[in-house]
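Here the protein sequences come in this chain order: A, B and C. Position 310, counted from 1, in the first sequence is what the numbering used here calls 321; the numbers after and before it change by one each time, with no gaps. Position 312, counted from 1, in the second sequence is what the numbering used here calls 314; the numbers after and before it change by one each time, with no gaps. Position 232, counted from 1, in the third sequence is what the numbering used here calls 775; the numbers after and before it change by one each time, with no gaps. C-beta atoms are modelled at their ideal positions from N, C-alpha and C, and glycine is treated no differently. The model shown is predicted, which means the values in this text are computed figures rather than measured ones. Here the structure comes first, spelled out in structure tokens, and everything after it is commentary.
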Amino acid sequence: MTDRRDPLLTVDGLSLSYQTRQGEVQAIRDVSFELARGSALGLVGESGCGKTSVANCLMRLLPDNARLSAGRVLLDGQDVLLLTEEEMRLRRWRRISMVFQAAMNVLDPVYRVGQQIIEAIETHGVESTDSAARERVARLFRMVGLDPQLMERYPHEFSGGMRQRAVIAMALSCDPDLMIADEPTTALDVIVQDRILRELKAIQQQLAMSIIYISHDIAVVAEVTDVVGVMYAGRLVEMGDTSDVFRAPAHPYTAALMSSFPSVSGERRSLTSLPGEPPNLSDPPQGCPFHPRCAYATDVCRTEYPPQARSGSHWAACWHPLDATLVPQS
Amino acid sequence: MESASNTPETPNAQATGSDASDGEPLVAVHGLTKLFPVGGGPFRKPSSFIHAVDDVSFQLGHGESLGLVGESGCGKTTVGKLLVKLLEPTDGEILFRFGDPDAPVAEASWDSAAIKGRLLRSFRRRVQMIFQDPYESMNPRRTIYDIISEPLSVQGMGDVQYRVDRVLEILTLVGLTPAGAFLFRHPHELSGGQRQRVAIARALVIRPSFVVADEPTSMLDVSSRAGVMSLMQDLATELGVAYLYVTHDLAVARYMCHRIAVMYLGKVVELAETEELLRNPLHPYTKALLSAVPLPDPGRRRQAPDIRGDLATPIDPPSRCRFYERCPAATAHCLDHPHPPMEEKSPGHFVACYEV
Amino acid sequence: MNTPGPVSPIPTPEFGVEPGRGRVRFVLVRLRLMWRSFRNGWGIFMESRMGRVSLFTIITFALMAAAHPILMAFVWDPATYDPVTGYSFDQVEQPAPPSWKHLLGTDPLGRDVLSQLLYSTRSEFVLGITAALVTVGIATFVGAVAAYYGRLVDSFFMRLADLIIALPAISLLIVLSALFHLNLFYLALIIGVLGGFGGTAIILKSQALSIKVKPFIEAARVAGGGHFHIIFVHIIPHLLPLALLYMMFTVTSAIFAEAVLSFLGLLDLRMSWGIMIHTANTGGYLLGGTRYWWLIVPAGASITLLCSAFYLAGRALDEVVNPRLRRRND
Numbered sequence: 012m013t014d015r016r017d018p019l020l021t022v023d024g025l026s027l028s029y030q031t032r033q034g035e036v037q038a039i040r041d042v043s044f045e046l047a048r049g050s051a052l053g054l055v056g057e058s059g060c061g062k063t064s065v066a067n068c069l070m071r072l073l074p075d076n077a078r079l080s081a082g083r084v085l086l087d088g089q090d091v092l093l094l095t096e097e098e099m100r101l102r103r104w105r106r107i108s109m110v111f112q113a114a115m116n117v118l119d120p121v122y123r124v125g126q127q128i129i130e131a132i133e134t135h136g137v138e139s140t141d142s143a144a145r146e147r148v149a150r151l152f153r154m155v156g157l158d159p160q161l162m163e164r165y166p167h168e169f170s171g172g173m174r175q176r177a178v179i180a181m182a183l184s185c186d187p188d189l190m191i192a193d194e195p196t197t198a199l200d201v202i203v204q205d206r207i208l209r210e211l212k213a214i215q216q217q218l219a220m221s222i223i224y225i226s227h228d229i230a231v232v233a234e235v236t237d238v239v240g241v242m243y244a245g246r247l248v249e250m251g252d253t254s255d256v257f258r259a260p261a262h263p264y265t266a267a268l269m270s271s272f273p274s275v276s277g278e279r280r281s282l283t284s285l286p287g288e289p290p291n292l293s294d295p296p297q298g299c300p301f302h303p304r305c306a307y308a309t310d311v312c313r314t315e316y317p318p319q320a321r322s323g324s325h326w327a328a329c330w331h332p333l334d335a336t337l338v339p340q341s
Numbered sequence: 003m004e005s006a007s008n009t010p011e012t013p014n015a016q017a018t019g020s021d022a023s024d025g026e027p028l029v030a031v032h033g034l035t036k037l038f039p040v041g042g043g044p045f046r047k048p049s050s051f052i053h054a055v056d057d058v059s060f061q062l063g064h065g066e067s068l069g070l071v072g073e074s075g076c077g078k079t080t081v082g083k084l085l086v087k088l089l090e091p092t093d094g095e096i097l098f099r100f101g102d103p104d105a106p107v108a109e110a111s112w113d114s115a116a117i118k119g120r121l122l123r124s125f126r127r128r129v130q131m132i133f134q135d136p137y138e139s140m141n142p143r144r145t146i147y148d149i150i151s152e153p154l155s156v157q158g159m160g161d162v163q164y165r166v167d168r169v170l171e172i173l174t175l176v177g178l179t180p181a182g183a184f185l186f187r188h189p190h191e192l193s194g195g196q197r198q199r200v201a202i203a204r205a206l207v208i209r210p211s212f213v214v215a216d217e218p219t220s221m222l223d224v225s226s227r228a229g230v231m232s233l234m235q236d237l238a239t240e241l242g243v244a245y246l247y248v249t250h251d252l253a254v255a256r257y258m259c260h261r262i263a264v265m266y267l268g269k270v271v272e273l274a275e276t277e278e279l280l281r282n283p284l285h286p287y288t289k290a291l292l293s294a295v296p297l298p299d300p301g302r303r304r305q306a307p308d309i310r311g312d313l314a315t316p317i318d319p320p321s322r323c324r325f326y327e328r329c330p331a332a333t334a335h336c337l338d339h340p341h342p343p344m345e346e347k348s349p350g351h352f353v354a355c356y357e358v
Numbered sequence: 544m545n546t547p548g549p550v551s552p553i554p555t556p557e558f559g560v561e562p563g564r565g566r567v568r569f570v571l572v573r574l575r576l577m578w579r580s581f582r583n584g585w586g587i588f589m590e591s592r593m594g595r596v597s598l599f600t601i602i603t604f605a606l607m608a609a610a611h612p613i614l615m616a617f618v619w620d621p622a623t624y625d626p627v628t629g630y631s632f633d634q635v636e637q638p639a640p641p642s643w644k645h646l647l648g649t650d651p652l653g654r655d656v657l658s659q660l661l662y663s664t665r666s667e668f669v670l671g672i673t674a675a676l677v678t679v680g681i682a683t684f685v686g687a688v689a690a691y692y693g694r695l696v697d698s699f700f701m702r703l704a705d706l707i708i709a710l711p712a713i714s715l716l717i718v719l720s721a722l723f724h725l726n727l728f729y730l731a732l733i734i735g736v737l738g739g740f741g742g743t744a745i746i747l748k749s750q751a752l753s754i755k756v757k758p759f760i761e762a763a764r765v766a767g768g769g770h771f772h773i774i775f776v777h778i779i780p781h782l783l784p785l786a787l788l789y790m791m792f793t794v795t796s797a798i799f800a801e802a803v804l805s806f807l808g809l810l811d812l813r814m815s816w817g818i819m820i821h822t823a824n825t826g827g828y829l830l831g832g833t834r835y836w837w838l839i840v841p842a843g844a845s846i847t848l849l850c851s852a853f854y855l856a857g858r859a860l861d862e863v864v865n866p867r868l869r870r871r872n873d
């Protein structure tokens, strides 16, 4: 029996690289975080920052040229990375499930949508009889806001928003403890996005499930998560309660991201943009990877990777945190 | 150029083309309609039509930027393509008044339908487009020089030395420096933000008066997005370009546009100055759209948007208000009457709704 | 300001901002770029064993073709060694087996086989390459035009292609050769035209269709480019790699068609590999098993080798053109 207060997921010192023609690309470097039961974590960052690689590590869905060089991923105290492929297959969907960005590629076009979910349920032995599984899918459909009659339809008869809901229903089908949502609403229009995010939030509270949202849209993350982690160049550079991070971003990169984000409400402040481009991960810069683009960079930033500056659960890997209450840890 | 933007804090009043009193608008669109046939073939009549753009009218002043906002499938991109003559309208007219001092008198006003042949080349010098996808809108086999100089070379403007100079000049202007180092690169060697700067350079190298920008920042990362946005604004002021800014993102439109037109299923349902539209939305659809935009502020809770159902089909829609099925304020009057006309509720604020 | 983006694997030639003798330098930089991309493709081609083997074989045959006129002029006595009118008087019996004087023996009419073989090589090259150029020239143009204009133009060319594919090519050639005196050039032209309006056109058209819908075609229209500009500058360059590939395959089929028709004695040629086998056959030596091997093996092996060499070259080029086929870990 696990203690309810233990974190559901502990990622410790995770490092991942891809072997490519241009050499070794360090997609994730020394990423550590914990996720409590029933809470929502957001991972934000720009394309190529490694956020999707983290998700793929948790699901153990890695391409052949990926190499895990260090780290542990503990789900309920058990290291996911040490499981055999067979053991992992049993845990996918039941323990961890994932909502992919491209919903169309997940649903098989030649089978009815409901049938695909029923199959997932039966394969994992969640329900033994066909009618129970069917009942369960109908319940899931209602939960994500789809008419259960749509179970008999084919994926191409669904609109983009309906497909995304069906994929969410599929991810929920085996009562997972943890759901990873990789850009779940990026391809959707705002009104549909709003509905799906609201439903996800309600379901998460109802089932006391944990969710990891992966997104480049900081507004979406601000609305749906309790804890947020900001990634840059394969590193987690800042993490803390969503309200703390958004109220007082400590890492200059986080601050830059926020001030470059246009908003429809409030005063129309001018946007600032970050100079330069993200670093090349096959040859990352010395020291803090953000220093070539950082307005506050000093000599120490160029030579040595910064330690965590911390205040409570809010920390930032920066030599010069913008929030003075954060204290560097030795 | 990109460290801080100098966005106009208040939209330039004289640049808003809503009142055509002291000057003709640059673009005047009247009753623009585009139907796409569904089914049918060379010898068969199409069974039905997609009403992509249906009786749309607006005006755009010199140097003004108008945002065309709506969800996917609302016809906003079709309007853009009609304006640059990538598509021909089914009905309605588009009038351009470029106001070139050196233009012949006969060309003072251009009717889009009459622009053909020689006149079309001349038109292409004045109207350009920036495309959404920085990866697909450039021929991967051509160099940056080829891409940017294409408008100059196909129009036969200048010799090689002239074109090289113009390309170097515009590259510097869009912030790709040192310009010489970019000239002979290929698009795949640049990042998304850099490519979109090249796309802007291509559209502006010929110094057009009017540019249709089709979601130029939607595929960019947040940090390069702001840079591209402020660059477009800087160049608009510097070169006196007017934009039709097509976007699904109200927040982006707020920063880029003097006025915003909201489209729903081929119709413009509301048109007003940007801040007026955001503070005081009148049409139920605009309200719903606005309240669905997530806010980057964890403390604030938004109201759920007041809207029912999903986007209706644009194939042969009934003649009543297009928003009827999803409208929280719909009445029997809305059901019995045709789609409401645009009415000016307050100066410069147009709405197409019976219940406002 | 802006750091140059993700590193390019090959350094880009820099073009100075300062004007002055721009045109010359401009052309030079262009040439360097073309050379660079050629070297890039060359490297990939030579990396594959198929590429190396095929290139070696083709060069060997080319040297053989070049050697014949030199040998005839300086070494061999035309009266004895001419491939068609020569006669070896010092042999008692014809065909004579290989000897120092006749390295590959003589044929039933007392002519030197090696001389025939070398002499024919040149015509095989001329035939194969002419047919391939005609095919690819027509197919590229037809494919691009049919895809770009669509509708009636497309229907016309595609129905024509169906018609040509439905015709059995060899039977058609037999009928044509019975009606007309087919020489090498006409044969190349016929094979080229059949291929060009036939299957190759369909393949190139489908490629052109996928290019026609790319936004850069619309961008070119907005820039003011006319139909010809778009077809020749934006569509056809994208067809050339595939066209080059089909060029290689056409060479193979042209050489093969020539061999078949010559074997049947239907072509109006002085000498070719097919005629060499035809000569052996009419003398009844083909049935003699391996006893008269020098009458059959040199020509037969040459046909097989050269055909396979061009085919393999095509396959290796496919790897250059089509990155998905490359076996490497990126």
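Hey, could you find the ends of the alpha helix (DSSP H) residue i is sitting in?
i, result
"residue 130 of chain B", "Not the alpha helix (DSSP H): residue 130 of chain B falls in the beta strand (DSSP E), residues 129-132."
"residue 244 of chain B", "Element bounds for residue 244 of chain B: not the alpha helix (DSSP H) but the beta strand (DSSP E), 244-249."
"residue 596 of chain C", "592-617"
"residue 346 of chain B", "It is not in any alpha helix (DSSP H) - residue 346 of chain B instead sits in the beta strand (DSSP E) that spans 345-348."
"residue 813 of chain C", "Looking at the DSSP string, residue 813 of chain C is not in any alpha helix (DSSP H), and its letter there is neither H nor E."
"residue 11 of chain A", "Only positions 12 to 341 of chain A appear in this structure, which leaves residue 11 of chain A out of reach."
For the ligand SAH, I want to know if residue i counts as a neighbour, meaning its beta carbon is within less than 7 angstroms of at least one of the ligand's heavy atoms.
i, result
"residue 243 of chain B", "Questions concerning the ligand SAH fall outside what the structure shown contains, since it holds no ligand whatsoever."
Following the continuous beta strand (DSSP E) through residue i, name the residue where it begins and the one where it ends.
i, result
"residue 33 of chain A", "No beta strand (DSSP E) holds residue 33 of chain A; DSSP gives it neither H nor E."
"residue 269 of chain B", "269-275"
"residue 35 of chain B", "29-40"
"residue 2 of chain B", "Since the first and last residues shown for chain B are 3 and 358, residue 2 of chain B lies out of range."
For residue i, does the count of other Cβ atoms within 10 angstroms reach 16, so buried, or fall short, so exposed?
i, result
"residue 353 of chain B", "buried"
"residue 32 of chain B", "exposed"
"residue 146 of chain A", "exposed"
Taking DSSP as the reference, what is the three-state secondary structure of residue i?
i, result
"residue 221 of chain B", "coil"
"residue 140 of chain B", "coil"
"residue 340 of chain A", "coil"
"residue 105 of chain A", "coil"
"residue 263 of chain A", "helix"
"residue 78 of chain B", "helix"
"residue 86 of chain A", "strand"
"residue 129 of chain A", "helix"
"residue 24 of chain B", "Note on residue 24 of chain B: pLDDT 44, under 50, position unreliable in the model; the coordinate value appears next. In this structure, residue 24 of chain B counts as coil in the three-state DSSP scheme."
"residue 240 of chain A", "strand"
"residue 581 of chain C", "helix"
"residue 117 of chain B", "coil"
"residue 280 of chain A", "coil"
"residue 319 of chain A", "strand"
Can you check whether the CB of residue j is closer than 8 angstroms to the CB of residue i?
i, j, result
"residue 752 of chain C", "residue 823 of chain C", "no"
"residue 619 of chain C", "residue 658 of chain C", "yes"
"residue 247 of chain A", "residue 38 of chain A", "no"
"residue 854 of chain C", "residue 795 of chain C", "yes"
"residue 261 of chain B", "residue 65 of chain B", "no"
What whole-angstrom Cβ distance do residue i and residue j have, given they're in contact under 8 angstroms?
i, j, result
"residue 145 of chain B", "residue 187 of chain B", "7 angstroms"
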